Amino acid sequence: MGDERMEHKAACHCGTVRFRVRLTDEFNTIRRCTCSFCRMRGAVAVTAKLGDIEFVSGEDNLTLYQFNTGTAKHYFCRTCGIYTHHQRRSDPSQFGVNVACLEGVSPFDFAEVPVSDGVLHPSDGGSGGVVGVLKFYPSA
554 MGDERMEHKA ACHCGTVRFR VRLTDEFNTI RRCTCSFCRM RGAVAVTAKL GDIEFVSGED
614 NLTLYQFNTG TAKHYFCRTC GIYTHHQRRS DPSQFGVNVA CLEGVSPFDF AEVPVSDGVL
674 HPSDGGSGGV VGVLKFYPSA
């Protein structure tokens, strides 16, 4: 039996980095994080397994950023600077994928986005659980 999950097309802002991805549980894994880096980056991410991203072009144009323990690997397009995905510290067998890079999807499409506690990260003995929900209200 084949993989029935939907394949999403994705790209950075300038289109240099292009990839296809199958999400672990579609948008049911959507979340933001409170760690120092995610807080400043402000991205909304969804989950994919490491083997579920296939680069179509521009993989060699990605640059890597690591901090603190160096476990998480955050990838950005060298040309436009957009964060495309990261290998998670909490589960290195997963990628967090920037929802805004998915074709036809905006982070503002979701009325509520759970916020995970990245300050008290599970790898540091913290709960790492959901600490709140970011709510988007449509403009009138």
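Numbering (our numbering), first residue to last: 554 to 693. For every residue, glycine included, the Cβ atom is placed at its ideal position computed from N, Cα and C. Here the structure is a predicted model, which means the values were calculated and not measured.
CB contact flag (residue i, residue j, <8 Å)
i	j	result
residue 649	residue 600	yes
residue 571	residue 610	yes
residue 630	residue 615	yes
residue 594	residue 668	no
residue 576	residue 647	no
residue 625	residue 638	no
For residue i, the first and last residue of its enclosing alpha helix (DSSP H)
i	result
residue 589	589–594
Start-to-end residues for the beta strand (DSSP E) that takes in residue i
i	result
residue 563	560–564
One or two residues paired with residue i in a DSSP bridge
i	result
residue 574	561 and 606
residue 600	649
residue 567	None; residue 567 has no bridge partner.
Whole-angstrom C-beta distance between residue j and residue i, which should lie under 8 Å
i	j	result
residue 606	residue 597	17 Å between Cβ atoms; not a contact.
residue 633	residue 588	Not a contact, Cβ separation roughly 23 Å.
residue 636	residue 651	5 Å
Exercise. Along the chain, which unbroken stretches of the beta strand (DSSP E) at least 3 residues long are found entirely within the segment 604–662?
Worked result: 606–610, 615–618, 626–630, 636–640 and 647–651
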